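Below is one structure; the comments refer to it alone.
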Amino acid sequence: VQLQAFGGGLVQAGGSLKLSCEASGSIASMIVMGWHRQAPGKQREMVATITRGGSTQYADSVKGRFTISRDNAKNTVFLQMNSLKPEDTAVYYCISGWSSRGDYWGQGTQVTVSS
């Protein structure tokens, strides 16, 4: 499975960004798709995941601000990030697999939120 992420960048606090990730390969390994992130000096954490059937899971820190969606026909997952905070600054990794922990990982895209 290959995952290619798009959409990272620099934004001011309170702003918005939308990440997208295109997956290719075994569809069976795309039951769950989503995003994890890793901030400098911190452990990697789950941000949001979505199953093929549309069930979603969010980290408490992003609930109400981030929305995950997917297009099964295009094997693509999106993350709309609103009301961004400096603490959202991290490298965001697209994941896919059989659970929210992810079995396959993309290359990561940097999101930087300035105060």
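Residues 48 to 162, numbered by our numbering, are exactly what the sequence shown covers, in order.
Built from N, CA and C at the ideal position, the CB exists for glycine as well.
These numbers come from a predicted model, not from an experiment.
- A direct Cα-to-Cα measurement between Gly111 and Met128 gives close to 10 Å.
- DSSP places Thr103 inside the beta strand (DSSP E), whose first and last residues are 103 to 105.
- Per DSSP, reduced to three states, the secondary structure at Asp150 is coil, with no helix or strand assignment.
- Residue burial annotation: Trp145 is exposed, with fewer than 16 other C-beta atoms found within 10 angstroms of its C-beta.
- Under the DSSP assignment, Ala137 falls in the beta strand (DSSP E) whose first and last residues are 137 to 144.
- Positions of the beta strand (DSSP E) runs, each at least 3 residues long and wholly inside the stretch 74 to 129, are given as 79 to 85, 92 to 98, 103 to 105, 113 to 118, 123 to 128 in order along the chain.
- Distance from Leu57 to Thr123 at the Cβ level is roughly 24 Å; contact not present, criterion being Cβ atoms closer than 8 Å.
- In the DSSP assignment, Ala60 falls outside any beta strand (DSSP E) and carries neither an H nor an E.
- Nearest to Leu50 by alpha-carbon distance, out of Glu134, Cys141, Thr96, is Cys141.
- In this structure, the CA atom of Pro87 is about 15 Å from the CA atom of Ser161.
- For Val158, the enclosing beta strand (DSSP E) has its first and last residue at 156 to 161.
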